[in-house]
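Each residue of the sequence shown is one higher than the one before, starting from 320 at the first, in the working numbering.
Where a beta carbon is used, it is the ideal one built from N, C-alpha and C, also for glycine.
Every value quoted in this text rests on a predicted model; they were computed, and no experiment measured them.
Have a look at the structure below, then the notes.
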Amino acid sequence: MGIDKQSDIAANLQIGPTSVGMVRIYIEGDGVDLPLDFDPDEADEIAEELRAAAERARAMAGQGDSRGADPKKRR
């Protein structure tokens, strides 16, 4: 499966700190239990990549940048 291919697979996603100072992204689904631990700097990089991908996705959908604004209220 590629990044741009639809899927019917459902999973739960949890994100939070661990007791040893790491950031864990935990994915749980049908037959999958996947804890991914990152140091805080890596987690910041992942967050930046998520924000950039969200901006690109908005642009591809023709929504522009609507952070914090209600797109229905734009003039």
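If residue i and residue j are in contact, beta carbons under 8 Å, what's the gap, nearest whole angstrom?
i, j, result
"D356", "M341", "4 Å"
To the nearest angstrom, how far is it from the Cα of residue i to the Cα of residue j?
i, j, result
"A362", "D349", "26 Å"
"R370", "L332", "17 Å"
"A373", "V339", "30 Å"
Do residue j and residue i have their beta-carbon atoms positioned less than 7 Å apart in this structure?
i, j, result
"A330", "I346", "yes"
Can you tell me whether DSSP reads residue i as helix, strand or coil?
i, result
"I365", "helix"
"A380", "coil"
"D360", "helix"
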